[in-house]
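Numbering-wise, the sequence shown is residues 90 to 754 according to my numbering.
Ideal Cβ placement from N, Cα and C applies to all residues, glycine included.
Only a predicted model underlies this, so the values are computations on that prediction, with no experimental measurement involved.
Read the structure below first, then the notes.
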Amino acid sequence: MQENQPKTSLPENAYRELNPGEQYNPIMGANETPVEVTPYSVSVGIIMAVLFSAAAAYLGLKVGQVFEAAIPIAIIAVGLGQMRGKKNMLGQNVIIQSIGASSGVIVAGAIFTLPALYILGLDAQFYQVFLSSLLGGILGIVLLVPFRKYFVKEMHGKYPFPEATATTEVLVSGEKGGSQAKILVAAGLIGGLYDFIVSTFGAWVSSLSTQMWGWGKALAANVKLTFGLNTSAAVLGLGYIIGLKYALIICAGSALVWFFIVPLVGSFESAVNAEAMVSLLGITNESILANPSLIFTPENLYTYIGRPIGIGGIAMAGLIGIIRQAGIIKSALVLAKNEFGGKKVATDEPRTQKDITMKRILTILIATLAATLFFFQFGVLGNWMQTIVALLIVFVIAFLFTTVAANAIAIVGSNPVSGMTLMTLILSSLVLVSVGLEGESGMIAALVIGGVVCTALSMAGGFITDLKIGYWLGTTPKKQQTWKFVGTFVSAATVAGVMIIMNDTYGFVGENALVAPQANAMAAVIQPLMMGGVTPWLLYGIGAGLILVLTLIGVPALPFALGMFIPMNLNAPLVVGGLVSWAVNRHKNEEQAKANNNRGTLIASGFIAGGALMGVVSAILAFAGCDWMLTAWADSMGAVYLGIVMYVAIIAYFIWHSRRAKIEE
């Protein structure tokens, strides 16, 4: 059956679990020799890495959101190939996407941590930002490669891989053309224009909240209960691909924080002294210090109580994941030991399963750790004992949490790297203080360490997406892995330059400064640890204990913990997308249900792709200083009601168009 499928169609079993004895055969078969690495694919990939690193860095520093570069780069790669009139570009397009997608993950690793150096009034040199990003990115690659087969092959069909699915659909539809490409393009235009009109003109609200109405404001003020729902087409599509099961688990974590913990703590408003509570939590926010009663808003209770509980939950979920995947980690270490020791290993693997050899991986790893050692010693610390301790922190945490980051991306398409980095900063600060490093030098050291780890985990999470795309399509993993190093180098150099320029132009503190919300959070966490202050250990412990209990009763730990950490307004629409998936798949005829789901996946991918591409356009417009926002209308109730109508309309279109699929599709 699969052998007779056209070369431009994904096999029927691409997204589902395989039956016993069944194999997955990608579009580019193992016995074929597709064109992949060429001067064209490498040069275009490098250009994409530079452009998207700059755009993502600006947007991330301004609003705290780093758009996923893989999808828009895939769209551009397909478009360039069609403009050149070239065919059989699938292998080259995957390489372009893989090199270029280094931009988003490197940017996330850098801007979530290193701007905190400026925020704390410390000096940051170009080489510090560049080397933190470069070394972290290389660590993320080499630590993930041994786990590639587990995540992309052995767990085939068990993880939704939302972003990888959307990117794969873009590449396949672009190669195939015909009706599937038209569906994807149409959905991309609808979803992209929908999100662009909201973000650029404010024609309707981008997020609904109960506090937009008087009764909702009263509910928030009196009971500390509020509900938010992001109405983005891209997030709706993400929820469809994740599916109802995981979406409900994620949203359950949010519901626990927003509907139970926040109202519970808020109910003590009249009995608790606000100033004492602010002091107890170690809050340094100037507006809250000026008016301590502001701590009792639902948003602030989430930020200073609910989110730390989520951080503790992510840390515990990570530890549980490490324990559960101990066998996988052990097998990777045994393979490394055997190959590095000269023992023979299997060499008859098909092209589509060949990775960089373990001997080369270990060589690169040792060289990277040596470079990190010299960087820490001569560029940051200047004390050999502290340098060795810092290196051990980086390696141990990056190694252990690599699989956690990959797991998170595979499930929800969103990397909890900021939560894991916060835990890294806390742990590294405690260890560094114990070896005599504190004050300003301690903060610099901890943030640079955090930058390396954050980039490593971000790269691990992002790269597993590339490798899953390659697995579905039949790319040679070794080539993806080799050229990923080039994308990492280019992206690290670009983001370092952009960050220096942004600091000189706008700054990160003061009026009209760039917001850099994650970096501000990192600065708030690290300052009391290094300079003396309050750290919410109890809240971290509560989150860890809660996840431990949920694990014991069979609730998936990581999705639930992610739900506690990520705001409710971003998790609730995942359930809406999951419900759309449920509605689309409800059909008595199994073949028709399958056709509906295939078309629904195309539409969801189009929504995600369109939203991501328009995110790049919005970033460019913002950088150019274009302000087309209809401020008066955007702040009116008319925009709220129009937002509800438009959201219902796009959901109705999604369901209606998906259920019109024909079985032959």
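query                                                                                                                      : result
Chain-order list of residues whose beta-carbon lies under 7 Å from that of M301 (same chain, five-residue window excluded) : V729
Counted within 10 angstroms of its Cβ, other Cβ atoms place F215 as buried (16 or more) or exposed                         : exposed
DSSP state of S296 mapped onto helix, strand, coil                                                                         : strand
Cβ pair count under 8 Å reaching 3, the stretch 316–325 against the stretch 359–371                                        : no
Ranges of the beta strand (DSSP E) found wholly within the stretch 517–560, counting only runs of at least 3               : none
Contact between the stretch 436–448 and the stretch 197–217 (3+ Cβ pairs under 8 Å)                                        : no
Where R748 falls: helix, strand or coil (DSSP)                                                                             : coil
For F240 and S547, the rounded distance between their alpha carbons                                                        : 16 Å
F743, buried or exposed, once every other Cβ within 10 Å from all chains shown has been counted against 16                 : buried
Coil, strand or helix - L66 by DSSP                                                                                        : Not covered by the structure: residue 66. The range shown for the chain is 90 to 754.
As assigned by DSSP and simplified to three states, the class of N108                                                      : coil
For P625, the nearest candidate out of F488, V522, R396, F467 (CA to CA)                                                   : R396
The alpha helix (DSSP H) enclosing Q181, as first and last residue numbers                                                 : 179–189
C340: first and last residue of the uninterrupted alpha helix (DSSP H) it sits in                                          : 333–345
Distance, L390 Cα to E679 Cα                                                                                               : 47 Å
Nearest to I538 (by Cα), restricted to the options F464, Y129, G714                                                        : F464
Nearest-angstrom beta carbon gap, Y629 and G410 [assumed within contact, 8 Å]                                              : Actually they are not in contact, since the Cβ atoms of G410 and Y629 sit about 17 Å apart, beyond 8 Å.
Same chain only: Cβ atoms within 8 Å of L480, ignoring 5 sequence neighbours per side                                      : L458, T461, L462, F465
Whether T127 touches G540 by CB criterion (8 Å)                                                                            : no
Extent of the continuous alpha helix (DSSP H) to which A163 belongs                                                        : 159–172
Coil, strand or helix - W473 by DSSP                                                                                       : helix
Bounding residues of the alpha helix (DSSP H) (the contiguous stretch that carries N114)                                   : Careful: N114 lies outside any alpha helix (DSSP H) and carries neither H nor E.
Contiguous beta strand (DSSP E) assignments of at least 3 residues, all confined to the stretch 642–695                    : none
Proximity winner among V131, Q186, L369, relative to L627 (alpha-carbon distances)                                         : L369
Continuous alpha helix (DSSP H) stretch holding L209: start and end                                                        : First-last for L209: undefined, no H or E at that position.
Run of the alpha helix (DSSP H) containing P566, from where it starts to where it stops                                    : 566–594
Nearest-angstrom beta carbon gap, M405 and S518 [assumed within contact, 8 Å]                                              : 19 Å between Cβ atoms; not a contact.
Backbone secondary structure at D284 - three-state DSSP                                                                    : helix
Three-state secondary structure (DSSP) of N311                                                                             : helix
Proximity of F552 and I230 at Cβ, strictly below 8 Å                                                                       : yes
Closest Cα partner of P161 within the set G180, A190, A292                                                                 : A190
For N389, the first and last residue of its enclosing alpha helix (DSSP H)                                                 : 387–390
Range of the contiguous alpha helix (DSSP H) that encloses T457                                                            : 447–465
Straight-line Cα distance separating I116 from E375                                                                        : 57 Å
R237 burial status per 10 Å Cβ neighbour count (16 or more: buried)                                                        : buried
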